[in-house]
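Protein sequences, first through last, are from chains A and B.
Each residue of the first sequence is one higher than the one before, counting from 1 in my numbering.
Each residue of the second sequence is one higher than the one before, counting from 347 in my numbering.
2 protein chains.
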Amino acid sequence: MELNDRKKMILQAIIDEYIVSAEPVGSRAISKKNELGLSSATIRNEMADLEEMGFLIQPHTSAGRIPSDVGYRFYVNSLMHRYKMGIEAIEQLERELRSKITRLDKTIMRAGYLAAALTDYTTVISTPVGESMEINKLDLVPISDDAVMFIIVTRTVKSRMIKTQLTADECTIVAQVLNNMLAGKTAEDISYDTIHEIEKICCGKLGIEPKVMINLLHFVYESISELDDGEIYVENAKSILKYPEYRDIDKAREIFSFLEDKNNLKKLVAQTDNEGIKAKIGTENEPEILKDSSLVTVNYSLDGKAVGKLAVIGPKRMNYSQVFASLDLISNEIDKLIGYISKDEE
Amino acid sequence: MELNDRKKMILQAIIDEYIVSAEPVGSRAISKKNELGLSSATIRNEMADLEEMGFLIQPHTSAGRIPSDVGYRFYVNSLMHRYKMGIEAIEQLERELRSKITRLDKTIMRAGYLAAALTDYTTVISTPVGESMEINKLDLVPISDDAVMFIIVTRTVKSRMIKTQLTADECTIVAQVLNNMLAGKTAEDISYDTIHEIEKICCGKLGIEPKVMINLLHFVYESISELDDGEIYVENAKSILKYPEYRDIDKAREIFSFLEDKNNLKKLVAQTDNEGIKAKIGTENEPEILKDSSLVTVNYSLDGKAVGKLAVIGPKRMNYSQVFASLDLISNEIDKLIGYISKDEE
DNA sequence: ATTAGCACTCGACTAATTTGAGTGCTAATA
DNA sequence: TATTAGCACTCAAATTAGTCGAGTGCTAAT
């Protein structure tokens, strides 16, 4: 059987309708819209065909049709009219996103928040993984008699408290060595040998107690390794409760639990490494729990290299058109902003 | 009518039962437990009395009784047997809490998480407000041609990106001035006059462009002011969905929205400034939305001064005994840990 | 090829009914 | 006098039966 233009239009009308109503769509409803000028009987025949071809599903004999995963897929690939953001929406977004440029990770969080606000679905956003981040400065600040704060400045700032016997003066000296040896490098440039060398310098020439130094460097190394770990933020998880597909409270709880475990999310977001905006519909998603949901992802990049992901999670009948447009807009804005934060653009 | 011992025991038995079952408790259920050796008829009479006295409520004629807010209040004040944490639970908690001492705020977050894990209710925890925090160090690190990272180290580390035309050398100099003028002080010690003085020094003797300097100091001042703002974290919000009192998904959504707005939480947590562990039951809570929930709060302190709050939010029939014990334990641990992080204890 | 017409299906809704946990009261009992 | 067994009564919740209507598939007419 052939998927002619009329069938396509009917399929599109059904999906458009289902996206807003969340109820099985009947032939009469489509016919009444009168865009096609066809009677319900004709539509009915076409719908039967579309069902046979796998694009539609009938929940039970006397109900209307709902789109199958295949139907959605075809819709997203070929039918959906790309929604265009209004110019004032774009400008507003730019303003909102730029108003609070304080640190890369804050900006990323804000972008996730805005994507959630724009789409009213749940968003997941990952911060850049550190490999591409050059260390600008390191510091050791004594904050009590037996503890120092270790600080690494890249495009963002990470810190951790280390319990150690270093004196304030020793902190200054060691910090200087650390900067000499490590500043300008990225996390992956730094091997354990480098750390070892630092140890030799400090314990040798500078006469710092080896035991103290080893302990300290252990944490320093750990912190640097952790630079690679991107963070993941979830925004607007509560929107889940808004959609009838998650009316079953146990289902909602399952999803909440899933979203709460960052490992799940990292895996999820890592699975999609393609260019551009991609949708994973229903069973196309690996995790069983998302088989009734859709995931739309986009990369944002830095120096042309993809470094982070922004994802929207919602019901399968999500408003793909709007979600695509929102993600497109926001990822572009982030790209611009990251460049702006990290280099001298604008 | 007098609330004699037998009535008290019956009330206690009813509430204990209702806490686990969430179903109206009938006379037979109490009688069958046989701890009192009374027939259901006798219990029935006593229950009628307790209802008349306002401790119990009968949802409808042919149902058992549930505790009223007054009933819970009496239970919490006088009836509840204080649950004692097992020694190994305590030790485990200490281990878990200490294993990741990196920064004060991380530790606080972790405490909130552990309280949630221990009680399986939602927790809200606020970080110390900054007034008591001494500035250890300030720094300006250039991270691109037109942006520097401004860093303040107290017991924790805060940073923000500032767009400015300062050169690397100028950064070093200004940072030095900032440290001379501000290190060792607390946020409230620093007035706008101090900032003004810094401006004079930098622009005068050091010859830095006033426009650049004013812009920079504006953000510096803002950042220092923000030191006072405690953060608020919510953990385990999803547990809401677990309890039958929130089965109504719209109610659950309302609570989620409430929990999402940090202003609500700040207000909520600010309202309870008493010593020790306090419960607010049902309508004792200000926000209308919590009228079917209970809130248990505890302060944690630093140098004997209350600086932050830990709160548990759950259904009115929460396991008060266990929640009280958990909060008691955790707040004590935090007290110890904060001392440890900030000063030289242990 | 399209559509009007019609019998048929089946979930959703409503009303009627049954069930049973729990009560309050009364009379018997210790 | 306090307690309890016994029983009639109540009422929400669960079950069953019955109705409604949106929607289908098929057939015959256009």
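We put the beta carbon where it would ideally sit given N, CA and C, even for glycine.
**OP:** Could you tell me whether the Cβ atoms of V580/B and T468/B are closer together than 8 Å?
**Re:** Residue 580/B sits at position 234 when you count from the first residue of the second sequence. Residue 468/B sits at position 122 when you count from the first residue of the second sequence. Closer than 8 Å, so yes.
Subject >> Cβ contact (3+ pairs, closer than 8 Å) linking the segment 278 to 295 of chain A and the segment 311 to 328 of chain A >> reply: Per the Cβ contact rule, the segment 278 to 295 of chain A is in contact with the segment 311 to 328 of chain A (3 or more Cβ pairs under 8 Å).
Subject >> Cut-off 7 Å between Cβ atoms - residues of its own chain near L114/A, not counting five sequence neighbours on either side >> reply: In the first sequence, counting from the first residue as 1, residue 114/A sits at position 114. Setting aside the 5 residues that flank it on each side, L114/A is surrounded in the same chain by L93, E96, L97 and I330, each with a C-beta closer than 7 Å to its C-beta; the list follows chain order.
Original post:
Checking contacts by CB at 8 Å: is K242/A closer than that to chain B?
Top reply: As a working note, residue 242/A is residue 242 in the first sequence. At least one beta carbon of chain B lies nearer than 8 Å to the beta carbon of K242/A.
Original post:
Between the C-alpha atoms of A13/A and M85/A, what's the straight-line distance to the nearest angstrom?
Top reply: Position 13 of the first sequence, counting from 1, holds the residue named residue 13/A. Position 85 of the first sequence, counting from 1, holds the residue named residue 85/A. If you draw a straight line from the Cα of A13/A to the Cα of M85/A, it comes to about 22 Å.
**OP:** Establish whether the CB of F256/A and some CB of chain B are separated by less than 8 Å.
**Re:** Counting from 1 along the first sequence, the entry for residue 256/A is found at position 256. It does; some Cβ of chain B falls within 8 Å.
Subject >> Residues of its chain near K689/B, where Cβ-Cβ distance is below 6 Å and the 5 sequence neighbours each way are ignored >> reply: Within the second sequence, numbered from 1, the residue matching residue 689/B stands at position 343. At K689/B, the pLDDT of 44 sits below 50, so the modelled position is not reliable and the matter cannot be decided from this model.
Subject >> Own chain partners of S239/A with C-beta closer than 8 Å, once the 5 adjacent residues on each side are dropped >> reply: Within the first sequence, numbered from 1, the residue matching residue 239/A stands at position 239. Exclusion of the five residues before and after S239/A leaves A116, D120, Y121, T122 and G314 as the residues of its chain whose Cβ lies within less than 8 Å of its Cβ.
Subject >> Local conformation of N645/B per DSSP, three classes >> reply: Along the second sequence, one-based indexing puts residue 645/B at 299. Here N645/B sits in strand by DSSP.
Original post:
Would you say K608/B reaches chain A, if we count a Cβ-Cβ gap shorter than 8 Å as a contact?
Top reply: Working through the second sequence from its first residue, we reach residue 608/B at position 262. Chain A contact via Cβ: absent.
Original post:
Alpha carbon to alpha carbon, what distance is there between A521/B and L552/B?
Top reply: As a first step, residue 552/B is located in the second sequence; it is residue number 206 there, counting from the start. As a first step, residue 521/B is located in the second sequence; it is residue number 175 there, counting from the start. In this structure, the CA atom of L552/B is about 12 Å from the CA atom of A521/B.
Original post:
Should V269/A and P128/A be called a contact, given that it needs their Cβ atoms to be closer than 8 Å?
Top reply: For this step, residue 269/A is matched to residue 269 along the first sequence. For this step, residue 128/A is matched to residue 128 along the first sequence. Going by C-beta atoms, V269/A is not nearer than 8 Å to P128/A.
Original post:
Looking at C-alpha atoms only, which residue of S490/B, H542/B and M507/B is the closest neighbour of F565/B?
Top reply: Translated into the one-based positions of the second sequence, residue 565/B becomes position 219. Closest by alpha carbon: M507/B.
**OP:** State the start and end residues of the unbroken beta strand (DSSP E) segment that holds P556/B.
**Re:** Taking the first residue of the second sequence as 1, we reach residue 556/B at position 210. Per DSSP, P556/B belongs to no beta strand (DSSP E); it is in the alpha helix (DSSP H), P556 to E572.
Original post:
Does the beta carbon of V298/A come closer than 8 Å to any beta carbon on chain B?
Top reply: Residue numbering aside, residue 298/A sits at position 298 when the first sequence is read from its first letter. For V298/A, the answer is no, since every Cβ of chain B falls outside 8 Å of its Cβ.
**OP:** Let me know if N263/A comes out buried or exposed under the rule of 16 or more other beta-carbons within 10 Å of its beta-carbon.
**Re:** The residue given as residue 263/A occupies position 263 in the first sequence. By the 10 Å Cβ count, N263/A comes out exposed.
Original post:
Counting Cβ pairs closer than 8 Å, one from the segment 5 to 23 of chain A and one from the segment 65 to 76 of chain A, do we hit at least three?
Top reply: The way I'd put it, the segment 5 to 23 of chain A does touch the segment 65 to 76 of chain A; three or more beta-carbon pairs between them come closer than 8 Å.
Subject >> Reduced DSSP secondary structure (H/G/I, E/B, other) of P244/A >> reply: Along the first sequence, read from residue 1 onward, the residue named residue 244/A stands at position 244. In this structure, P244/A counts as helix in the three-state DSSP scheme.
Original post:
Taking Cβ positions only, does D105/A come closer than 8 Å to chain B?
Top reply: Taking the first residue of the first sequence as position 1, residue 105/A is located at position 105. With 8 Å as the cut-off, D105/A does not count as an interface residue toward chain B.
Subject >> Beta-bridge partners of T123/A, as assigned by DSSP >> reply: Position 123 of the first sequence, counting from 1, holds the residue named residue 123/A. Answer is E235/A and V312/A.
Original post:
So, N158/A versus S223/A, is the Cβ gap smaller than 8 Å?
Top reply: Counted from its first residue, the first sequence places residue 158/A at position 158. Counted from its first residue, the first sequence places residue 223/A at position 223. The amino acid at residue 158/A is misidentified as Asn; the sequence shows Lys. It is a contact, given that the beta carbons lie within the stated cut-off.
**OP:** Just the C-alpha distance for I135/A and L425/B, rounded to the nearest angstrom, thanks.
**Re:** As a position in the first sequence, residue 135/A is number 135, starting the count at 1. As a position in the second sequence, residue 425/B is number 79, starting the count at 1. Each residue's Cα considered, the two are about 59 Å apart.
Original post:
Is it true that the segment 177 to 194 of chain A meets the segment 531 to 546 of chain B, where meeting means three or more beta-carbon pairs spaced less than 8 Å apart?
Top reply: Between the segment 177 to 194 of chain A and the segment 531 to 546 of chain B, the count of Cβ pairs shorter than 8 Å is below three; the stretches do not touch.
**OP:** Answer with buried or exposed for S27/A, where buried requires no fewer than 16 other C-beta atoms within 10 angstroms of its C-beta.
**Re:** Within the first sequence, numbered from 1, the residue matching residue 27/A stands at position 27. Using a 10 angstroms sphere on the CB of S27/A, the tally of other CB atoms reaches 16 or more, which defines it as buried.
Original post:
Between which two residues does the beta strand (DSSP E) carrying S386/B extend?
Top reply: By one-based count along the second sequence, residue 386/B stands at place 40. Following the DSSP letters along the chain, one finds S386/B in no beta strand (DSSP E) but inside the alpha helix (DSSP H) bounded by residues S386 to E398.
**OP:** Would you check if the distance between the CB atom of L265/A and the CB atom of A252/A is smaller than 8 Å?
**Re:** Counting from 1 along the first sequence, the entry for residue 265/A is found at position 265. Counting from 1 along the first sequence, the entry for residue 252/A is found at position 252. With contacts defined as CB atoms closer than 8 Å, L265/A and A252/A fail to qualify as a contacting pair.
Original post:
Leaving out the 5 sequence neighbours to the left and right, which residues in its chain are closer than 7 Å to G71/A when beta-carbon positions are compared?
Top reply: The residue given as residue 71/A occupies position 71 in the first sequence. Hits under 7 Å: L11, I15, F55 and L56.
Subject >> Span of the beta strand (DSSP E), counted from its first residue to its last, around S144/A >> reply: Translated into positions along the first sequence, residue 144/A becomes position 144. Taken as a continuous stretch (DSSP letters only), the beta strand (DSSP E) holding S144/A covers K137 to S144.
Original post:
Since M47/A meets chain B, which of its residues come closer than 7 Å, beta carbon to beta carbon?
Top reply: Walking along the first sequence from the start, residue 47/A turns up at place 47. The contacting residues do not exist; M47/A stays about 32 Å from chain B at best.
Subject >> Local Cβ density within 10 Å of N391/B, reported as buried at 16 or more and exposed below that >> reply: For the purposes of this step, residue 391/B is taken as residue 45 along the second sequence, with counting starting at 1. The C-beta of N391/B has fewer than 16 other C-beta atoms within 10 Å across all chains shown, which makes the residue exposed.
Subject >> Within chain A, partners of R593/B - CB distance below 7 Å >> reply: To locate residue 593/B, count along the second sequence from 1; it is residue 247. Chain A residues near R593/B: I249.
Original post:
From G383/B to Y429/B, what distance separates their C-alpha atoms?
Top reply: Here residue 383/B refers to the residue found at position 37 when the second sequence is read from its first residue. Here residue 429/B refers to the residue found at position 83 when the second sequence is read from its first residue. Straight-line measurement puts the Cα of Y429/B at about 25 Å from the Cα of G383/B.
Subject >> Helix, strand or coil at I334/A according to DSSP, with G and I counted as helix >> reply: On the first sequence, residue 334/A is found 334 positions in, with the first residue counted as 1. In this structure, I334/A counts as helix in the three-state DSSP scheme.
Original post:
Just the Cα atoms here: how many angstroms apart are I471/B and E591/B?
Top reply: For this step, residue 471/B is matched to residue 125 along the second sequence. For this step, residue 591/B is matched to residue 245 along the second sequence. Going by the C-alpha atoms only, they are around 23 Å apart.
**OP:** Assign K291/A to one of three DSSP states: helix, strand, or coil.
**Re:** On the first sequence, position 291 is the one that residue 291/A refers to. In the structure shown, K291/A sits in coil (DSSP, three-state: anything other than H, G, I, E or B).
Original post:
Which residues of chain B have a Cβ atom closer than 7 Å to the Cβ of A252/A, listed in chain order?
Top reply: Sequence index remark: in the first sequence, residue 252/A carries index 252 (1-based). Residues of chain B with a Cβ closer than 7 Å to the Cβ of A252/A are, in chain order, L587.
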